[in-house]
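>
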Amino acid sequence: MELNVDDIVQWMINANDNIQENKDDLTTLDQPIGDGDHGINMARGFQEVVAKVSNEHYDTVGAVLKDVAVTLMSKVGGASGPLFGTAFLQMSMTMKALTTVDRDAFVRGLTAALDGVKQRGKADAGEKTMIDVWQPVVTLCKETSDVRADELVQTAQAAMEKTKDMLATKGRAAYFKEKSIGHIDPGAASSYYIFSALAEVLQEKNE
Amino acid sequence: MELNVDDIVQWMINANDNIQENKDDLTTLDQPIGDGDHGINMARGFQEVVAKVSNEHYDTVGAVLKDVAVTLMSKVGGASGPLFGTAFLQMSMTMKALTTVDRDAFVRGLTAALDGVKQRGKADAGEKTMIDVWQPVVTLCKETSDVRADELVQTAQAAMEKTKDMLATKGRAAYFKEKSIGHIDPGAASSYYIFSALAEVLQEKNE
Amino acid sequence: MKKMINDPDRVVQDMTDGLAAAYPDKVRKIPDTTVIVRNDAPVGGKVGLVSGGGSGHEPAHAGYVGRGMLDAAVAGEVFTSPTPDQVLEAIKAVDAGEGVFLVIKNYTGDVLNFEMAAELAEAEGISVEHVVVNDDVAVEDSTATTGRRGIAGTVFVHKIAGAKAEQGASLADVKAVAERVVANVRSMGMALTPCVMPASGKAGFELEEGEMEVGIGIHGEPGIERKPVARADAIAEELTGKVLSDLDFSGSDVAVMVNGMGATPEMELFLINKKVQSILHDKGIHVYRTFVGDYMTSMEMAGCSVTLLKLDEEMKELLDATSDAPAFRI
Amino acid sequence: MKKMINDPDRVVQDMTDGLAAAYPDKVRKIPDTTVIVRNDAPVGGKVGLVSGGGSGHEPAHAGYVGRGMLDAAVAGEVFTSPTPDQVLEAIKAVDAGEGVFLVIKNYTGDVLNFEMAAELAEAEGISVEHVVVNDDVAVEDSTATTGRRGIAGTVFVHKIAGAKAEQGASLADVKAVAERVVANVRSMGMALTPCVMPASGKAGFELEEGEMEVGIGIHGEPGIERKPVARADAIAEELTGKVLSDLDFSGSDVAVMVNGMGATPEMELFLINKKVQSILHDKGIHVYRTFVGDYMTSMEMAGCSVTLLKLDEEMKELLDATSDAPAFRI
Ligand SMILES: Nc1ncnc2c1ncn2[C@@H]1O[C@H](COP(=O)(O)OP(=O)(O)O)[C@@H](O)[C@H]1O
Ligand SMILES: Nc1ncnc2c1ncn2[C@@H]1O[C@H](COP(=O)(O)OP(=O)(O)O)[C@@H](O)[C@H]1O
Ligand SMILES: [Mg+2]
Ligand SMILES: [Mg+2]
Ligand SMILES: [Mg+2]
Ligand SMILES: [Mg+2]
């Protein structure tokens, strides 16, 4: 695994495509256990991310990811804005000087991102949030020497689906208490789209 | 024609009966060219009038009519409250000292009432208001030496029906302009009920 | 119908009780009436200012009772003029010997009842003068009708005449400035949805989904035109345009009121205001002061009205004078 | 949907423009933001007070910007927290070197975004403190949830902390009094009808004809119970009862806020207030001051909330201090 600046830009383009395509579904997920804006929030944010990163020239991976972070932070809104913003900001900080990232650097970046989200959200795994997708993905990457695209998609997807049976104890969904059970967490779903977008990049590179 | 205190009280009782009976019809008349409250207003007012005058002892006709006026003024509301109030107040002032009223005294009272309404309403005959019933009734009484009950009813009823073809230029109905044509004026209708109540008193006395 | 009420017949009693209970340091209710008066009424050496009308237009009029504005407000049944005896109570409660001034919105019922009360008061030796407010440009004035309706512009009459009276002006001078306001104030409104009468639980009129009525009155009386709901900018243009074409405001200083009909979120009123201000700016009309909010409502009607008042120097000073009326603190 | 808007995506921009245009002598909008600040910000020698949150709660929060209250308000998209960059702009605009105090309603999004902004500001050398308001007793606090929601009680925090800051108090002292307000304020709300999101044109939730929801949040989040619309007295009893059972108010002096959710006519709020006052009177709780009106709304939601604040002597003085914020003039 080796990702350069263009790969990261492509990752964001893919992520945006996924999210635009599933915008309404994400919003629908946010209706029963939230305020029905998650798709709108994420679609707005990633559109801006793509507008930003596809028009700039970057020397390092860290620089791309920093722009991603700042854009998400200022454009997504809601709870997910600062959380995804924090994730990419922490990731970018571990890759500041890198023109390419190998598997070890990527694992360090992902771990920093996950820790950042946990701290910002005062949350941990099992609380029915995006963390429940990020954590298994980080574990997968850590434990696999070279992650395959299909593994990554499967792990993220399974993790997302697992949130369905969880009781929300953080975010808006927590207000719904027991009623939150039976619904996939919207932030988990958008995280799945982000990682499946990454898997597409890995797939392309392997072809 | 000679009316004493009891006759006037009976007039009010009859008027109240008529109005209670036709309350909904009066309100219906006020819907297309008004605000749909005329029946409610008049029913509330005359109920109070009867409650008042049937429990008091009066020495003069003027005294009964003054209580009628004050009660209508404070209980009817809307435009018709002060108008009917004024009518009975002006009538009462011409009969202050009278224990009975003859035809001449009654004509004087009715004329004062009509003038009061015109002045209060800044209105004249032909503007599609209660005046269009009061005026022909006053004329009839003036021109007939001894008014018969059936004549009185016929005149009032014909006058009321005539308002149907008139264009309203006073009161709420005036806002409806041309659309006011084709509807009987609610205040003309309630005036008709008041005069037919008087006719019942005349009829009784002749029997 | 969805309303938070108790007995529909007691809604005006309950409301005036609740208002008096909210501001006991400022106002009181005259027992057995629906009259709200300043606690310190009658105020010695001051002309008393009385307004009122049918209920359902809150905060008009009881919210405007306070130092620097009204001395008393008389609340009739919903959309029904108060009766002369109630108005007379108010007049008597605020008369300190300097006379009483009545601000009447131009509805036949209000005019008849207030004028009758004025005569009764005169008969008791109280000097009474009045002004009839007819600011609504929607329904055209003509000798054939009872004239234009009084709507949100009435609040400017309360404020300016109230400030004048507070200064200790004579009854004639209060009347003169009130008449100047009436001569210089114009309004026009529109609605998106009707209001519901508490007594019947029914809407006063119907508007289709996607339809609005321009020029509607504050009791839902017919306006000029029904048409598809327009953008905020177009609504602001239509209302402001109609107001501007009725009186020459060019080059003058104006007070602006963007008034909510009751149910409309303040958010939308600010959108209307944005456009109103830019229209006035483009026409070189200088905005001296702006008021955005619910000032003259129609219960839960959604919609708004735009009012412009052409100001002279004295009106400016009186508009800026202190008022501690709960709904118009300055 | 019936709304007076232009482009739904620009509703918050338009609204803040329209607000700034209404009160140009008092506030301005920071260009390219949705931040409204006092014209004289940063005010030398004074802690800056910043609040904000999603839009749709007008007059909260921009209507509370003014002398004696907030220095700045940050407006997010409708029902969506403003982003950290916007909050940072507000913080920078009001910092006069004495530090900045943030009043945050307890919603995950608001807390995350404001905290993030605070960190960014600290990184730029500005001292920032904050308080999180959680006055809504409807949804129970527990370690398992992010806690109670912040609703109309927030306005009392703005007022009292704002007055303290205006006196020149230190950041620590402003924080201390704000925390005292949070500890002593409790609210509960209900709704009769939902509000409509400008972006989708759809109601945020559904309520059957004849049904109300008790304990609902200001974004339409679930409350405690749905049931038939009750009489005003019963609604007042339920809301007040819940508030009273959450904190011991007995024998104390309180400030009362009967807050409209947006579409409810003021008439009905006064009916609710009548009953609230009589309940408090019967319990020997002394009402120091009452506020009735639309203070923390949910666009065109119909309904109300009742807030009680237990006052100490300093809070009373600060509550009564002058404020020229358009939506809270004292
Ligand atoms: N405290 C938290 N920690 C981690 N993730 C959270 C937290 N709160 C919310 N989230 C995530 O954010 C998502 C909701 O995002 P979004 O709908 O955009 O924001 P909002 O709830 O403010 O409307 C949730 O589905 C959840 O995954
Ligand atoms: N200026 C006027 N002069 C004479 N009669 C009038 C005038 N204005 C209204 N009326 C009468 O009053 C009636 C309406 O009374 P009502 O419905 O009780 O009052 P409101 O119009 O205030 O609701 C009309 O039908 C008309 O006969
Ligand atoms: Mg959401
Ligand atoms: Mg009528
Ligand atoms: Mg009427
Ligand atoms: Mg949201």
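Order-wise, the sequence lines are chains A, B, C and D.
Heads up, the first sequence is in my numbering, so the first residue is 460 and it goes up one at a time.
Heads up, the second sequence is in my numbering, so the first residue is 460 and it goes up one at a time.
Heads up, the third sequence is in my numbering, so the first residue is 2 and it goes up one at a time.
Heads up, the fourth sequence is in my numbering, so the first residue is 2 and it goes up one at a time.
Backbone N, C-alpha and C fix where the C-beta goes; we use that ideal spot for every residue, glycine too.
#1: Between T144/D and N477/A, what straight-line distance do the alpha-carbon atoms span, to the nearest angstrom?
#2: Would a check of beta-carbon distances place N135/D closer than 8 Å to chain A?
#3: Can you tell me where the beta strand (DSSP E) holding G304/D begins and where it ends?
#4: When the Cα atoms are used, what is the spatial distance from R404/B to A658/B?
#5: Between G77/D and chain A, is there a C-beta pair that is closer than 8 Å?
#6: List the residues of chain C whose Cβ lies closer than 7 Å to the Cβ of V60/D, in chain order.
#7: Using the DSSP secondary-structure output, state which residues sit across from R150/D in a beta bridge.
#8: Whole angstroms are fine: how far does the CA of G646/A sit from the CA of G69/C?
#9: Distance cutoff 8 Å, beta carbons only. Does K3/D sit that close to anything in chain C?
#10: Per DSSP, M191/C is paired with what?
#11: Taking only beta-carbon positions, decide if D484/A is within less than 8 Å of chain D.
#12: Once the 5 residues before and after A61/D are set aside, which same chain residues still bring their CB inside 6 Å of it?
#13: Would you call the CB atoms of K3/C and A303/D closer than 8 Å?
#14: Say whether chain D places a C-beta atom closer than 8 Å to the C-beta of I6/C.
#15: Consider the C-beta atom of L542/A and the heavy atoms of ligand 1; say whether any pair is separated by less than 7 Å.
#16: Mind listing the chain C neighbours of S533/B? Cutoff is C-beta to C-beta under 8 Å, in chain order.
#17: Give, in chain order, every residue of the stretch 487 to 503 of chain A whose Cβ lies closer than 8 Å to some Cβ of chain D.
#18: Could you check if I478/A belongs to the surroundings of ligand 1, using beta carbon to heavy atom distance under 7 Å?
#19: Sorted by chain position, which residues of the same chain lie with C-beta nearer than 7 Å to A656/B's C-beta, five sequence neighbours on each side aside?
#20: Grouping DSSP H, G and I as helix and E and B as strand, with all else coil, what is E59/D?
#21: Looking only at its own chain, which residues have a Cβ that is under 6 Å from the Cβ of V182/C, when we skip the five neighbours before and after it?
#22: Which chain A residues are close to V140/D, counting only those with a beta carbon under 8 Å from its beta carbon?
#23: Comparing the C-beta of H287/C with each C-beta of chain B, is any distance below 8 Å?
#24: DSSP puts R227/D in a beta bridge; with which residues?
#25: Label S650/B either buried or exposed according to how many other C-beta atoms from any shown protein chain fall within 10 Å of its C-beta, with 16 as the threshold for buried.
#26: Determine, using beta-carbon pairs with one atom in the stretch 32 to 42 of chain D and one in the stretch 83 to 92 of chain D, whether at least three such pairs fall under 8 Å.
#27: Shorter than 8 Å from the beta carbon of P223/C to some beta carbon of chain B?
#28: How many angstroms separate the CA atom of A502/A from the CA atom of V138/C?
#29: F505/A and A528/A: beta carbons closer than 8 Å?
#30: What in chain D is Cβ-close to R579/A, meaning under 9 Å?
#31: Can we count T81/D as close to ligand 6, meaning its CB is less than 7 Å from some heavy atom?
#32: For Q662/B, which residues of its own chain have a beta-carbon under 7 Å away from its beta-carbon, when the five flanking residues on both sides are left out?
#33: Say the cut is 7 Å; is the CB of D496/A nearer than that to a heavy atom of ligand 6?
#34: Report the residue from D234/C, L248/C, K228/C, R39/C whose alpha carbon sits nearest the alpha carbon of E212/C.
#35: Please decide whether T146/C counts as near chain B, where near means a Cβ-Cβ distance under 8 Å.
#36: Hey, is T81/D's beta-carbon within less than 8 Å of any beta-carbon in chain A?
Let me spell this out:
#1: A caution first: T144/D carries a pLDDT of 39, below 50, which makes its placement in the model too unreliable to give a value.
#2: no
#3: 303 to 312
#4: Chain B is shown from 460 up to 666; residue 404/B falls before or after that span and cannot be answered.
#5: yes
#6: Per the sequence shown, the amino acid found at residue 60/D is Pro instead of Val. Result: E267.
#7: Beta-bridge pairing links R150/D to no other residue.
#8: 56 Å
#9: yes
#10: V215/C, C305/C
#11: no
#12: M297
#13: yes
#14: yes
#15: yes
#16: T84, P85, D86, Q87
#17: D494, G495, D496, I499, N500
#18: no
#19: W470, N473, A474, N477
#20: coil
#21: F157, V158, I161
#22: Y634
#23: no
#24: E214/D
#25: buried
#26: yes
#27: yes
#28: 46 Å
#29: no
#30: L113, E116, M117
#31: yes
#32: A608
#33: yes
#34: K228/C
#35: At T146/C the pLDDT is 47, less than 50, meaning the model places this residue with poor confidence; the figure from the coordinates comes in the next sentence. Yes, its Cβ sits closer than 8 Å to a Cβ of chain B.
#36: yes
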